[in-house]
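Numbering (the working numbering), first residue to last: 13 to 263. Have a look at the structure below before the remarks.
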């Protein structure tokens, strides 16, 4: 039996071409019968081997036709199985994508800044799942095209990245500031460049200001906004330490 969808389609194409070949062969045999009749009518004698060969040749299409029809029935059954399998996998894939939508909306309720690393890890995991799902969606579309199905649209593959983008910005910034501030305050002073620190802090503050503004819009969840405002408070508190850092670490 065919090993994949492509082999099913290739066999269908071969059987379709075979039907034309059998019709052509029958036409050629009919011409051969006319020629043979002409020879017999003009007293051209055939020996036993020649008559046997002629008989086998004329009988060959009748022997092949049932085999072709049997293959056609088996192939139609295989086509039905392949189509059912594709529909089942497409249905399960859609359910999986719907679950990713649910997971994306769950970040609306997360606002505990102490869990920033868990939230950032969960977002990275969801983003990776969506990327992998995009590849599978493309392969499903390729199978659909191969089997002559209308191509399915999976809007969740674009919706999930859009939904989680602001949360990635928020929790990524929280993790980045926590790691950087620990390095700046607790690491070797000789490795701290006050100008670099000042630039990075300003960038974090500006980006977080945009995040606060985005979560302040009507309809946006309150929990992430609270986390963004907490991060602003931590950055502001760190900025007050900048003169001391500049004095201690000035090269």
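Glycine included, every Cβ here is placed at the ideal spot set by N, Cα and C.
What first and last residue would you give for the alpha helix (DSSP H) that runs through residue i?
i: residue 138; result: 128 to 159
i: residue 231; result: Element bounds for residue 231: n/a, residue is neither H nor E.
i: residue 163; result: First-last for residue 163: undefined, no H or E at that position.
i: residue 258; result: 254 to 261
Pick helix, strand or coil for residue i, following the three-state DSSP scheme.
i: residue 177; result: helix
i: residue 201; result: helix
i: residue 206; result: helix
i: residue 265; result: Past the boundaries of the shown model lies residue 265; the chain is included only from 13 to 263, so the question cannot be answered.
i: residue 236; result: helix
i: residue 171; result: helix
i: residue 111; result: helix
i: residue 211; result: helix
i: residue 122; result: coil
i: residue 15; result: No answer about residue 15 holds up, because its pLDDT of 47 lies below 50 and its placement is not dependable.
Between residue i and chain D, is any beta-carbon pair separated by less than 8 Å?
i: residue 244; result: Among the chains of the structure shown, chain D does not appear; only one protein chain is present.
Buried or exposed: residue i, going by 16 or more other Cβ atoms within 10 Å of its Cβ?
i: residue 223; result: buried
i: residue 114; result: exposed
i: residue 128; result: buried
i: residue 167; result: exposed
i: residue 163; result: exposed
i: residue 256; result: exposed
i: residue 240; result: buried
i: residue 181; result: buried
i: residue 135; result: buried
i: residue 197; result: exposed
i: residue 236; result: buried
i: residue 260; result: exposed
i: residue 209; result: buried
i: residue 221; result: exposed
Just to check my reading of the structure: residue i and residue j have Cβ atoms closer than 8 Å, yes? What is that Cβ distance to the nearest angstrom?
i: residue 3; j: residue 132; result: Absent from the model: residue 3. The displayed extent of the chain is 13 to 263, so no value can be given.
i: residue 189; j: residue 148; result: The pair is not a contact, with the Cβ atoms about 36 Å apart (cut-off 8 Å).
i: residue 186; j: residue 243; result: 5 Å
i: residue 194; j: residue 169; result: At roughly 37 Å, the Cβ-Cβ gap does not stay under 8 Å, so residue 194 and residue 169 are not in contact.
i: residue 172; j: residue 116; result: 5 Å
Is the beta carbon of residue i within less than 7 Å of some heavy atom of the ligand PLP?
i: residue 154; result: Of ligands this structure carries none, so the ligand PLP is not represented either.
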